[in-house]
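Trainee: Take a look at the following structure, please.
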Amino acid sequence: MPTPASPPSPYSSAVGKSNVESHTLSVLVDNEPGVLARVVGLFSGRGYNIESLTVAEVAHGEHLSRITIVTTGTPEVIEQISHQLERIVPIHKVIDLSLTKRAIERELAMVKVRGTGEARVEALRLAEAFRAKVIDATTESFIFELTGATSKIDDFVELMRPLGLVEVSRTGVAAISRGPEPI
Numbered sequence: 003m004p005t006p007a008s009p010p011s012p013y014s015s016a017v018g019k020s021n022v023e024s025h026t027l028s029v030l031v032d033n034e035p036g037v038l039a040r041v042v043g044l045f046s047g048r049g050y051n052i053e054s055l056t057v058a059e060v061a062h063g064e065h066l067s068r069i070t071i072v073t074t075g076t077p078e079v080i081e082q083i084s085h086q087l088e089r090i091v092p093i094h095k096v097i098d099l100s101l102t103k104r105a106i107e108r109e110l111a112m113v114k115v116r117g118t119g120e121a122r123v124e125a126l127r128l129a130e131a132f133r134a135k136v137i138d139a140t141t142e143s144f145i146f147e148l149t150g151a152t153s154k155i156d157d158f159v160e161l162m163r164p165l166g167l168v169e170v171s172r173t174g175v176a177a178i179s180r181g182p183e184p185i
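Using this note's numbering, read the sequence shown as starting at 3 and increasing by one per residue.
The following block contains the structure:
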């Protein structure tokens, strides 16, 4: 049986253009079965890529969850994604936090590094410089916990590679707008 063809990518016409940027979308939804599947289905069905995805209940008594999605595209593609998300029931609100310029984004990573001797000392020195916490240690390895901007996590992981990087577990981006108003 032939495999169904993938939809054409909305990014193909934008390849090489400088207006393709990363955007962080904050989506407030009802916390009920199937909502996340519909959101992810919208992205995959239209050929949009999800670079980071986090979901958690934010108001237990109100049964609301926040989905934070990092994706890339031209302003037109991001606007199209936002409008399509707004049409999915039960989505209450979609905000492109990247446009507000008033958002805080953080990511958590756990980074396992194996090393002895000088490599071990260097890994600890770099971890201290990045304010990473040692959350597990054996005589042969460490697990570091690091919180910060995605670029900080990326930099730390790259520095750990030559020192004995074993594996990385990342949460994805969590984001919230600054100031007293909710999204």
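Every residue gets a Cβ at the ideal spot worked out from N, C-alpha and C, and that includes glycine.
#1: Pull the bridge partners of residue 25 from the DSSP assignment, please.
#2: Measuring only the C-alpha atoms, how far is residue 33 from residue 87?
#3: Whose C-alpha, out of 169, 98, 35 and 158, is nearest the C-alpha of residue 124?
#4: Starting from the N-terminal side, write out each stretch of the alpha helix (DSSP H) that is 4 residues or longer and does not extend beyond the stretch 82-124.
#5: Around the Cβ of residue 136, are there at least 16 other Cβ atoms within 10 angstroms (buried) or fewer (exposed)?
#6: Does DSSP classify residue 132 as helix, strand or coil?
#7: Could you pull the start and end residues of the alpha helix (DSSP H) that residue 160 belongs to?
#8: DSSP has residue 144 in a bridge; who is on the other side?
#9: Would you kindly work out how many angstroms separate the C-alpha atoms of residue 145 and residue 85, rounded to a whole number?
Mentor: Quick answer:
#1: 73
#2: 16 Å
#3: 158
#4: 99-102
#5: exposed
#6: coil
#7: 152-166
#8: 115 and 139
#9: 41 Å
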